[in-house]
Each structure stands twice: as C-alpha cells, then as structure tokens.
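>
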DNA sequence: GGTGCGGCGGCAATCGTTTTCCGCCTCCCT
DNA sequence: AGGGAGGCGGAAAACGATTGCCGCCGCACC
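Protein chains in written order, with our numbering: chain H, 55 to 432; chain G, 55 to 432.
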C-alpha cells in the first residue's frame, strides 16, 4: 500500500492493472471473478493491494441499492439486558459485512417513528425490532413496504416476520414451580405491560403454573406494570404487598421491575428473602450483584441477538426465504432472593438446576439463620 | 403524499414542478434556496411535499462526500456507564441530522482497529473516541489523516483533538476528603489502568489528597487494576485487603472495580461499611441499588455525551474551528457504603450533599447493629 | 434604442461503482 | 478451411443527487 492524497478509486486500480474499470470491478468481486481470466484477476488484485484500494461503500450502495446497514430499534438501551444482545447482533452482522444502526425509542411511539423513518431514509437493508407492541403502527408499515424485518425478544401476531424470542410461558412456569417447590403457596405476580408479548406470555405462564400447582391466583395477587422500569417496579411492589400482606413470594415478570420491587420491600420493612421471596425474569447483568442476588429466569442474551442477525441476513439475502420463529429455552437460576417461606416447616430443599443451593447464594448475614434452621430440621 | 412503487426522486419532483432537477435541488436546499425565485421554490417544495420526496442520502453523500454519520468507539457497552452517555451523544447529533455508528472495542486494540477501519471505509464524517489510551495507534493515525476527532471521558496528550472529560483529580480528591472527614486515616486505593488518563488522574488526585490530609499513602496501599471489570475489582480488592488488613476504607477509581471490591469484602468476611468503607467513581447506573448503595463520584453522563457531540459537530462544520478541552465538574454523592471507621469515636457526621445520612441508606439487616453501636457510644 | 448587468435557471459533468450489452478473438469441430 | 461457440473484457449507461458554468431575459442607464 502506498500513501497518497486521495484514496485510490477503482479507476486508479484499473489504470494500474491496464484494464477497464469494469474488468477491475469484476476481478475484485468474488461473485463475478469467474468472468475474467485468472491472470487478469491476479493483476487487478495485486494492483488493488498495492494502491491500498478500498471500495467506496457509498458509491457501491448507490448502484446496488444495498447499504449493508441494518436498523436496530431498542426500547431502552439503559436497560443492561440489551447491550449483550446488541453485541451478539453486531458480531454476527459484522461477520457478513453489515453494520448496525442502533436506535433508542424509550418506549415512545413518536420517537420510534422518528428513528424508524430516519433509518428508512438512510436505506437500511432491514430491521431488527426489539420494540414490538400490540399496536406498533410501524409493524404494519414495514409489512406493507415488504421490508426485511426480524422481531427480537418481543413478538407480534399476524405479521410475516421472522422472530426470535424466549419461551416466556415456560420460563415463568419455571419461576412459579421454583417457588412452589420451596413451599410457597401465596404467590403474587407483577406483570409486565400487557401490550407486549412478553407481558402476556409471562402472565399466562404464571396463571397456568399456579393452577397446575393447585394454588389460588386471584386478581388481587396480580399488579400490572405500565412500563419496564425500576420506578414502576417500586410502585407495583408497594401496591401488591400493601394490598396483600399474606404473600410470601412474588414472581416478577422482569428484572427491572424486580429491582424496583426490592425497593418496595425495603420501604415496607420486609426482608428478602426471609419475609418475601422474589424471582425475576431475564437474568440481566448485575442482578447477581444485588443483595440478595436475584433468582431469575435466564436466557442466552448474546445468542438471542446473534440469531436475530442470522434470521435477518437470511431474509435480506433472499426475500423468498421462509419466515422462521425461533424460541430459545429459558432456565431458572436460583440465587439468594428465594427461600422457603418462614411459615413452612424446615425440610429438604429440592436440588437446583445450576447445582447451587439457593440458600448458599443468599446474603451472608441472612443465610446462617436459615441454614441453621434447615439443619435443625434434619 | 401519494403512494407509488418507486420512491420519488429529485427528477420526479423537478418534472412535477416543471423545472430542471438542478433547480429543484437548489429550491430544496435551504443554503441555495436564495438562488431561485420565491415562486419557483414554492412550486418545487409543494411538488416535493405532494410526492413525498425524500432525498436519497446515499446519492447525496456520494456527491458531497459527507455521510452525516459519525463513528463512536466505546470501550465496553456492557458497562452501564456508557448507555446514558451514548444517549446524550445521539440526541445531540440527531438535532443536527447526524447519526452515530456505535462500535464496541472491549479494550482490545485489534478490535478497535477493525471497527475504526470499518468506519473510515464507510466515510464517517468524524469520530468520538471514548477508548483513548496512552498507546492508541489510531489516535496518531486519525491525527495524521486530519480526521475530525473528539475524545470523550478519556483524554490523551499531544494530539490536536477537542475533548470533553471529567475533572478526575478533583473528583478523586473529593472522594478522599469524604473518607477523611468521616475519620478514616488508613485508606487504600484501587487504581484504574495507568495507560488510561482517568487512571493516572484519579491516582494523582488520591495521592494529592492523602498528602493534603496528612495521611500516609505508601505503595502497599495501592493496587493497580489491569482492566475495568468486576472480576478485576474482585482480584484487586482481595489483594489490597489481604495485604493490608488495617485499611478501614478503600477509594476505588471506578465503579465496576468497586462492585468487584464488594465481592472481595464478602469473600474475606468483611462488612461494608462497618469494617471497610468503599467509595467508587462514576456513579454509574445501578450502584445506588447495591447493598449498601455505593458512595461514589458523580458526573453528568448525558451531558458528557451531548457536549462531545457538540464539539465534534463544530469540528466537522468548520475544520478550522479551535480545539477545545472541556472539563465537567464532578460531585461526591455519599450513600451507604461509607461511614466512620469502627475505631473512631462516634460523633456528628458532616451533612451529606444528597441530604441522606449514609447509615440510613445501608443494609437494613446490617445497619441496626452499627446504628446501635453508635448510639451506645453517645 | 443600444448596451450592460444581474437575477434566474438550464445544461452537463461529477461522485465511484456495478452491470448490461456487445464485440473480438480464439479454439474447436466438421 | 470455414463457421460457430464460448470466454474475456471493453463501452457506456445507469444509481440520484450537487454544482460550476453559462445563456437567456428583462430592466435600467446612457
């Protein structure tokens, strides 16, 4: 590579290799390389190398109508759940020469429309939407325009979009099963917003599992969050636990809400897990650093993003490729925020799927009491 | 706006308004509008409106060599410190019609080079680098190529780049002053990597302030982290506190490290804040949710990003604009992780800037002991 | 009434690629 | 030896905007 004022263009390469620019183009593109003789290709490639030629992606995009850019709409990048997902997405895209344009929407429809339009104007080749709600107008618009779209994490009915999501029903059932196995019978639920697929699926999982365990699940045991924020978790936690003092456990549909719920417990003078067990959903980063470490439902974040990227690339490369819906299996991870209810007799705890006794992972200052009780019971 | 198969081009608009495409272009661009008659401009604009004309940014970029895109290099997007900063950046950029291309580097030079080259190939108009280290080869390269660059959060000596950063020395001095005011005399420091400006500045602030308070600050009181991760914080915390059992407080140069340090305290059977006070740096999201809530040094995250964007836009719009270095003032926020050392006689605590007694904010299960002890001491 | 000037807007080149359409040359087959 | 086929590569037209240059027209001044 030689240093020059202006970066080398295809014409320069062609001139250096004594061929026509068209030939140089063919020689340089793997797809059309077989159209030129091996000798010519070699000469062109060598010249390109020597001049440090970098194809101008703008010019290429103009001609091919491909920007090798995809738009990614994230409801809230401040939620630490998303960065690892985005990482998986970006890495997979990068393997194929694509880059991601990240847009925050804050769950605000106007904002969502703005960034969506902005990205369309920039001719992104497709979209990964982590913002789907029941009433997203942009889904209909994207379907209408036949844009390649993949829904990520949240799904939506009635659109011809590929999607990758978590089996939320199963995940929430596992959360309830965990609490039930510990001996809890009066379990509350803080539900995520019901215009989001994760909200309804997890609520369904909760109700299903409660019924399957023969436990009552009345309307007074459920509080509906209107957003996925710590503040909203605080509000819901307060409401649920003041209205329903007998609850010994809360299955929270989202870790951000669960973090808020911790705050509510503090406010009400309740201890976690001694007075109330809490289980979240998502296993977002840092919840294992809380006191007590949060029991929650885990799914592979990075993979979710990577799979979404793969699905989108399939649709971009071949518009006729089939629509796929991919579900990732969730897994309960028991930590310190769940333990048997204070009223329950001490007894053998069931083995946990990550091999850790939940009591061992809980607050040092709190665990010895419980562990002692368990030992006495033997 | 009328719906059509192909999106309207400038030619379509021109045809609809019965003018030449060149005239339409002039009429549509605010900068050149005064070159056409008011009547013509009106007609063109009206036609554009009617056809739902959206200028093709790719074609425009090809001609103007401006992509209205800037590259942003982030050392670790999983660090929750960065999302709010990026938000500020993106919002400010959006106001001026620019979008950000976000790139993670993981503190890996190879990765950094890859995304940097990738972004240059895409003809970004400038860079915001939050990844500067003493030895970043790309800084020299960017300077050589006279790219518009703004350094964010981290600075570097000897480059003609604008920068926006925190006054890290002052911040760390405030952290030490806080601990000293509580009565601590044996204070350790977990230093951030010394090839990063924040690492050296905070260490300098620590040493300065220790000296100013007449406190010893020997080499055995300092451990150097080799990365800004929780794991590294864990390692450093263990090392510092096992080597130096008399420490009653640790000033940690970074919140991620501080979170790891919490883990080290647990491992060693030490309680925070009763046995060891901890103060971090950055006030990244969620540290107020830890138990105990982390005392730390705050700076305005969103603003940092927004100012970086402004600085970069200045440089882009006018390459001759002066280089500016902007420092944001930090502010100590005292939470539950700091209290007077156990050995100190109980006494009036200085008023905290957030109005909360640090003891009140700490772990409910732990605080009563300490609070009781304090009461007994009166 | 002629000349000059200024405002408006058309013409065409240009940005750097890709791709379609051909023409040429070679080689092989009959 | 002639003709056809096929491989190779050149010419030129896109893609959709911006912009330097220039011409036209009208008005004003001498």
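No residue lacks a Cβ here, since even glycine has one placed at the ideal position from N, Cα and C.
Predicted model only: the values in this text are computed from it and were never measured.
What would DSSP say about residue 164 of chain H, mapped onto helix, strand or coil?
Here residue 164 of chain H sits in helix by DSSP.
> What ranges does the alpha helix (DSSP H) occupy inside the segment 139 to 203 of chain H, keeping only unbroken runs of at least 4 residues that lie completely in it?
If you keep only unbroken alpha helix (DSSP H) runs of at least 4 residues inside the segment 139 to 203 of chain H, you get 163 to 175, 191 to 198.
> Report yes or no: do three or more beta-carbon pairs, one from the segment 239 to 257 of chain H and one from the segment 184 to 198 of chain H, lie closer than 8 Å?
yes
> Specify, as a first and last residue, the run of the alpha helix (DSSP H) that residue 254 of chain G falls within.
251 to 266
> Just the chain H side, please: which residues come within less than 8 Å of residue 141 of chain G by C-beta, in chain order?
131, 132, 158
> Where does the unbroken alpha helix (DSSP H) through residue 293 of chain G begin, and where does it stop?
284 to 297
> Give a yes or no on whether the minimum CB-CB distance between residue 388 of chain H and chain G is below 8 Å.
no
> Tell me which residues share the same chain as residue 257 of chain G and place their Cβ nearer than 6 Å to its Cβ, disregarding the 5 neighbours each side in the sequence.
Cβ within range, chain order: 245.
> Please classify residue 337 of chain H: is it buried, with 16 or more other beta-carbons within 10 angstroms of its beta-carbon, or exposed?
buried
> Is the beta carbon of residue 230 of chain G less than 8 Å from the beta carbon of residue 382 of chain G?
no
> Consider the Cβ of residue 172 of chain G: report whether some Cβ of chain H lies at a distance smaller than 8 Å.
yes
> What's the C-alpha gap between residue 373 of chain H and residue 216 of chain H?
12 Å
> Pull the bridge partners of residue 385 of chain H from the DSSP assignment, please.
H/352
> Kindly say whether residue 144 of chain H, judged by its beta-carbon, lies nearer than 8 Å to any beta-carbon of chain G.
yes
> Can you tell me the Cα-Cα spacing of residue 325 of chain G and residue 224 of chain H, whole angstroms?
39 Å
> Taking DSSP as the reference, what is the three-state secondary structure of residue 302 of chain G?
coil
> Between which two residues does the beta strand (DSSP E) holding residue 125 of chain H run?
123 to 128
> Say the cut is 7 Å; is the CB of residue 93 of chain G nearer than that to a heavy atom of the ligand SAM?
With respect to the ligand SAM, the structure offers nothing, as it holds no ligand at all.
> Please name the residue in H/239, H/126, H/112, H/204 whose C-alpha comes closest to that of residue 144 of chain H.
H/126
> Does any residue of chain H bring its CB to less than 8 Å from the CB of residue 64 of chain G?
no
> I'd like to check one pair, residue 304 of chain G with residue 330 of chain G: are the Cβ atoms closer than 8 Å?
yes
> Listed in chain order, which residues of the segment 332 to 348 of chain H have Cβ atoms closer than 7 Å to some Cβ of chain G?
339, 340, 343, 344, 345
> Confirm, please, whether the CB-CB distance from residue 319 of chain G to residue 291 of chain G is below 8 Å.
yes
> Straight-line CA distance for residue 69 of chain H to residue 75 of chain H?
8 Å
> Check whether the Cβ of residue 430 of chain G lies closer than 8 Å to any Cβ atom in chain H.
Bear in mind that a pLDDT of 34 at residue 430 of chain G, under 50, signals an unreliable position, so the model cannot answer this.
> Determine contact between the segment 156 to 170 of chain G and the segment 160 to 170 of chain H, defined as no fewer than three beta-carbon pairs at a distance below 8 Å.
The segment 156 to 170 of chain G makes no contact with the segment 160 to 170 of chain H; the number of CB pairs closer than 8 Å stays below 3.
> Among the candidates G/105, G/128, G/91, G/89, whose CA atom is the shortest distance from the CA of residue 61 of chain G?
G/105
> From residue 174 of chain H to residue 194 of chain H, what distance separates their C-alpha atoms?
14 Å
> Note down, in chain order, every chain H residue with its Cβ under 7 Å from the Cβ of residue 183 of chain G.
None at all; the shortest Cβ gap to chain H is about 17 Å.
> In chain G, what lies closer than 8 Å to residue 177 of chain H by C-beta?
Chain G residues near residue 177 of chain H: 110, 111, 112.
> Suppose the cutoff is 6 Å on Cβ atoms and the five residues either side in sequence are ignored; what does the same chain contact list for residue 322 of chain H look like?
The residues are 295.
> Drop a sphere of 10 angstroms on the beta-carbon of residue 89 of chain G, count the other beta-carbons inside from all chains shown, and report buried for 16 or more, exposed for fewer.
exposed
> Any C-beta of chain G sitting closer than 8 Å to the C-beta of residue 288 of chain H?
no
> Starting from residue 277 of chain G, follow the beta strand (DSSP E) in both directions and report where the run begins and ends.
276 to 278 is the span of the beta strand (DSSP E), which, as asked, contains residue 277 of chain G.
> Could you check where the beta strand (DSSP E) with residue 216 of chain G kicks off and where it finishes?
216 to 220
> Across the segment 265 to 272 of chain G and the segment 309 to 319 of chain G, are there enough close Cβ pairs to call them in contact, namely three or more that are closer than 8 Å?
The segment 309 to 319 of chain G and the segment 265 to 272 of chain G do not touch, with fewer than three beta-carbon pairs separated by less than 8 Å.
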